[in-house]
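Asks: After the structure tokens below, expect a handful of questions from me.
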Amino acid sequence: MSLRRFFAATCVVFVVGEVVLRLSWIAGGRWGYTACDRTDLGDQPAGGCGADQVVAVPFGAGWGALGLCVVLAVVIAYADRLKPAVTWVAAVILLVLAFPLHLLFEIPAGVAGHPTDWRDIGGRVVLLAGGIAFAGLANAVGPPRGPAPTGFRRVPGWARRWAYVAVALPVVGWAVPHGLWVLGVPFGISEQTLRGADGDLSTATGVAITVVPPLAGLLVLGLVQRWGQRFPRWVPGLGGRRVPRLLAVLPAGTVAITLATYGVLSFGVFAGQVLDGEQSWAQVRDGWATVATLLVFLGWGVAVGVTTAGYVVATRGPADG
């Protein structure tokens, strides 16, 4: 089976599944449905916060989602005739709706025993899979490319610089403040806020939250190094083989979109709270580190996105030894 048929079939399965699920919700079923707010889980999140008691699902979860599925079905049917950019837009929309960064927070919290909306997580995972499937379809129906490169293709200098920014931001803007908070230092936040955080998180969870993002950020270096284009010799079964472009571009692009979206939306919520008077400027000054974290996510997403673009440009250019 060709890649085009594989991704098209995967997209069809995703759309059909979503249509069946949304129609069941409209008809009164509540399997997989959650009534929990995404920022405030409320009571009994494991049961969808009383999802069975919801009389009518919101437009976005019901008829609105069905309308999007119709559009996605048209994209699948005419993918070969449409410009690849249209299919890429469909993929981006699904990735934004999935909001994978949310999964990185909720799943560890649930595993650690905190109340977690598993229905919401399941729905986001499905949307994430759909976004990846449409991205694969967009790549498969794109213009034909020449033979795969046999040597290392050096990325542009600007991509290398952005890669270093993408590595440094989670260390300076995330690991440093969170490490100080784990140690009990109220860096950029009030002592009251720090005490509340200590009560919600165990030491092990705090350490994990501190070190995982910067360690994950190191993977961005693969987009500008040889091991991002060809597997290292020590990798069993794959050593020396070329890294498929999609294996590098899809995860990196998803992360970039997610981080930037989180930064923009979160900063928008913060700005709204300040304008509405829910937060005073005195509170902002006391908790400036939390506000700065939102900008870190935005900058991190932009840095990963630009680095990914450099990788795409490099792997299409002339080989360099």
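For the sequence shown, the working numbering begins at 655 and goes up steadily by one.
Glycine residues also receive a C-beta, built at the ideal position from the N, C-alpha and C atoms.
Got a sec? Which residues, its chain only, sit under 7 angstroms from residue 686 by beta carbon, not counting five neighbours each side?
Replies: The answer, listed in chain order, is 675, 773, 776 and 777.
Asks: Quick check: the Cα distance between residue 725 and residue 942, rounded to an integer number of angstroms?
Replies: Near 42 angstroms, if we compare the C-alpha coordinates of residue 942 and residue 725.
Asks: Check whether the Cβ atoms of residue 785 and residue 954 lie closer than 9 angstroms to each other.
Replies: No.
Asks: With 16 as the cutoff for other CB atoms within 10 Å, does residue 771 come out buried or exposed?
Replies: Result: buried.
Asks: Quick check on residue 884: does DSSP put it in helix, strand or coil?
Replies: DSSP places residue 884 in strand when its eight states are reduced to three.
Asks: Hey, would you say residue 748 sits closer than 9 angstroms to residue 791, going by beta carbons?
Replies: No.
Asks: Looking at residue 720: is its Cβ nearer than 9 angstroms to the Cβ of residue 673?
Replies: The answer is yes: Cβ separation under 9 angstroms.
Asks: Looking at C-beta atoms only, is the number of pairs between the segment 816-835 and the segment 933-953 that lie closer than 8 angstroms three or more?
Replies: Because the criterion of three Cβ pairs below 8 angstroms is met, the segment 816-835 and the segment 933-953 touch.
Asks: Alpha carbons only, please: which of 682, 966, 680 and 658 is nearest the one belonging to residue 734?
Replies: Among 682, 966, 680 and 658, the Cα nearest to that of residue 734 is on 658.
Asks: Under the three-state reduction of DSSP, which class applies to residue 735: helix, strand or coil?
Replies: Correct three-state label for residue 735: coil.
Asks: For residue 879 and residue 927, what's the separation of their Cα atoms in angstroms?
Replies: Roughly 43 angstroms between the two C-alpha positions.
Asks: Please state whether the Cβ-Cβ distance between residue 965 and residue 882 is less than 9 angstroms.
Replies: In contact: residue 965 and residue 882 (Cβ atoms closer than 9 angstroms).
Asks: For residue 608, which residues from the same chain have a beta carbon less than 8 angstroms from its beta carbon, with the 5 sequence-adjacent residues on both sides left out?
Replies: The question about residue 608 has no answer here: the residues shown for the chain are numbered 655 through 975.
Asks: Nearest to residue 837 by CA position, among 860, 779 and 916, is which residue?
Replies: Comparing Cα-Cα distances from residue 837 to each of 860, 779 and 916, the minimum goes to 860.
Asks: Should residue 716 and residue 710 be called a contact, given that it needs their Cβ atoms to be closer than 9 angstroms?
Replies: For residue 716 and residue 710, yes; Cβs fall inside 9 angstroms.
Asks: Taking the CB atoms as reference points, tell me whether residue 884 and residue 806 lie closer together than 9 angstroms.
Replies: For residue 884 and residue 806, yes; Cβs fall inside 9 angstroms.
Asks: Leaving out the 5 sequence neighbours to the left and right, which residues in its chain are closer than 7 angstroms to residue 897 when beta-carbon positions are compared?
Replies: Here the set comprises 882, 883, 884 and 885.
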